[in-house]
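Each remark here refers to the structure printed beneath this line.
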Amino acid sequence: MWFAYFRRNKAFETQHSKDGGKCANNNKTVSDLVPGDFDCIDNISPVKSCNESKSIDLPCEYNYLTTNLIRWIHLRNGKLIREMNIDFVDRDTNTLHLPFCNHDDSGEYTCMLATDYSLLPNINRSVHLLVNGPPFVSNQHTEDNGDDLILSVMFYSIPKDFEIQWLLENNSLNGDPEYSITENSITVVLKQYNVDVTTDGFISNLSIHNFKRRPSDVYSCQIYNSYGLVEEQIVLAPGNVKGKITKILNFNSESP
1 MWFAYFRRNK AFETQHSKDG GKCANNNKTV SDLVPGDFDC IDNISPVKSC
51 NESKSIDLPC EYNYLTTNLI RWIHLRNGKL IREMNIDFVD RDTNTLHLPF
101 CNHDDSGEYT CMLATDYSLL PNINRSVHLL VNGPPFVSNQ HTEDNGDDLI
151 LSVMFYSIPK DFEIQWLLEN NSLNGDPEYS ITENSITVVL KQYNVDVTTD
201 GFISNLSIHN FKRRPSDVYS CQIYNSYGLV EEQIVLAPGN VKGKITKILN
251 FNSESP
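For the sequence shown, position 220 (counting from the first letter as 1) is numbered 220 according to the working numbering, and the numbering increases by one without interruption.
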């Protein structure tokens, strides 16, 4: 006895089929997509930004298969920082809500989805978050260089447009021929939710020419952007160097 099997090839139905939309990578209409095309439009993670102390919603968008949320995770340069609390996720849309942005929240957020399609059982969707706020000082140090003493402050800033002023007591040293001020890009180490991560940052150096130590000289490095100011203070005393952040001032900015 012979059995005849009939197979019907049918394009996958999606919620966008009636819209006549096209995939950005291969220019296929949505109704023509096959399983290998399902992730075609999300190769580049979108970038979101929020101002420090403001809230933001991060979407988990995937429209080509039925999915169920597994979890949201937070990373920085590929390093896992934390798994997000499900209480901050909208169960209907899988959107992640951050009620209060701060420096610790910067990084990449990935929602992990399970599908009912055996050839593509799991899908990840990511979004990058930039948090705008005052500069953040990660470290400082001093170094002898012959007759000169170099004071250095390492910091991170989003946005990356900032200005720097060095002071001795209350007197600005910018432009003073007895001092040299330089600035360079470096990799800095930040602590986010008690996890050490590396990211692009900056270093500002104050070179004090023909340095002569005097009792309790107080040098300050002020770094400010459109969102606020941070001041790092370095106290030089005989046989002792002491530094601390003395002031963080948030500007009232409504920039997006």
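Quick reminder that beta carbons are idealized off the backbone N, C-alpha and C, glycines included.
All values reported here derive from a predicted model rather than from experimental measurement.
- [ ] Report, in whole angstroms, the separation of the C-beta atoms of residue 50 and residue 131, which I expect to be a contact under 8 angstroms.
- [x] The pair is a contact, with the Cβ atoms about 6 angstroms apart (cut-off 8 angstroms).
TODO: May I ask which residues mark the beginning and end of the beta strand (DSSP E) holding residue 185?
DONE: It spans 179-192 - the beta strand (DSSP E) in which residue 185 sits, taken as one unbroken run.
Open item on the list: Distance check for residue 63 and residue 92, CA to CA, integer angstroms please.
Closed with: The alpha-carbon atoms of residue 92 and residue 63 are separated by roughly 14 angstroms.
- [ ] Can you tell me the Cβ-Cβ gap for residue 69 and residue 89, rounded? I've got them flagged as a contact below 8 angstroms.
- [x] Your pair residue 69 and residue 89 checks out as a contact, with CB atoms roughly 7 angstroms apart and the cut at 8 angstroms.
TODO: Less than 8 angstroms between the CB atoms is what I'm expecting for residue 220 and residue 167, so what's the real figure, rounded?
DONE: Rounded to the nearest angstrom, the Cβ distance from residue 220 to residue 167 is 5 angstroms, consistent with a contact under 8 angstroms.
- [ ] With residue 198 as the anchor, note down where its beta strand (DSSP E) starts and where it stops.
- [x] First-last of the beta strand (DSSP E) with residue 198: 195-208.
Open item on the list: Going by beta-carbon coordinates alone, are residue 72 and residue 117 separated by less than 8 angstroms?
Closed with: Contact check for residue 72 against residue 117 fails: the beta carbons are separated by 8 angstroms or more.
Open item on the list: Let me confirm a value: residue 145 is counted as buried when at least 16 other C-beta atoms fall within 10 Å, else exposed. Which label applies?
Closed with: With fewer than 16 other Cβ atoms from the protein chains shown falling within 10 Å of its own Cβ, residue 145 counts as exposed.
TODO: Mind checking which residues open and close the beta strand (DSSP E) that includes residue 111?
DONE: Judged by DSSP secondary structure, residue 111 falls within the beta strand (DSSP E) whose first and last residues are 107-115.
TODO: Taking 8 angstroms as the threshold, find out whether the stretch 177-194 comes into contact with the stretch 100-115 through three or more Cβ pairs.
DONE: In short, these stretches touch, since the Cβ pair count reaches three.
- [ ] State the Cα-Cα distance for the pair residue 210 and residue 217, rounded to the nearest angstrom.
- [x] A direct Cα-to-Cα measurement between residue 210 and residue 217 gives close to 15 angstroms.
TODO: Out of 126, 135, 115, 86, point me to the one whose CA is closest to residue 58's CA.
DONE: Looking from the CA of residue 58, the closest CA among 126, 135, 115, 86 belongs to 126.
- [ ] Could you round the C-beta distance between residue 133 and residue 227 to whole angstroms and report it? I think they count as a contact, below 8 angstroms.
- [x] Sure, about 5 angstroms apart at Cβ, within 8 angstroms.
Task: Of the listed residues 212, 135, 81, nearest to residue 179 (C-alpha basis) - done: Residue 212 is the option with its Cα nearest to residue 179.
Task: Cβ neighbour criterion (16 or more within 10 Å) applied to residue 121 - done: With fewer than 16 other Cβ atoms within 10 Å, it is exposed.
Open item on the list: I need the boundaries of the beta strand (DSSP E) containing residue 220, first residue and last residue.
Closed with: Secondary structure note for residue 220: its beta strand (DSSP E) is the uninterrupted segment 217-225.
Open item on the list: Considering only their Cβ atoms, is the gap separating residue 154 from residue 174 smaller than 8 angstroms?
Closed with: Contact annotation: residue 174 and residue 154 have beta-carbon atoms that are not nearer than 8 angstroms.
Task: Start-to-end residues for the beta strand (DSSP E) that takes in residue 67 - done: Boundaries of the beta strand (DSSP E) harbouring residue 67: 67-76, taken from the DSSP string.
TODO: Could you tell me which of 65, 237, 45 sits nearest to residue 114, measuring between CA atoms?
DONE: Of the listed residues, the one whose Cα sits closest to residue 114 is 65.
- [ ] Give the single residue among 74, 149, 52 whose Cα lies nearest to the Cα of residue 111.
- [x] If we check each option's Cα against that of residue 111, 74 comes out closest.
Task: CB-CB length for residue 157 against residue 202, believed under 8 angstroms - done: Going by Cβ atoms, the distance from residue 157 to residue 202 rounds to 7 angstroms, so yes, they are a contact pair.
- [ ] Check residue 158 in the structure and name its three-state DSSP category.
- [x] Correct three-state label for residue 158: coil.
Task: For residue 49, the first and last residue of its enclosing beta strand (DSSP E) - done: Per DSSP, residue 49 is one residue of the beta strand (DSSP E) stretching across 47-51.
TODO: List the DSSP bridge partners of residue 92.
DONE: Answer is none; residue 92 lacks a bridge partner.
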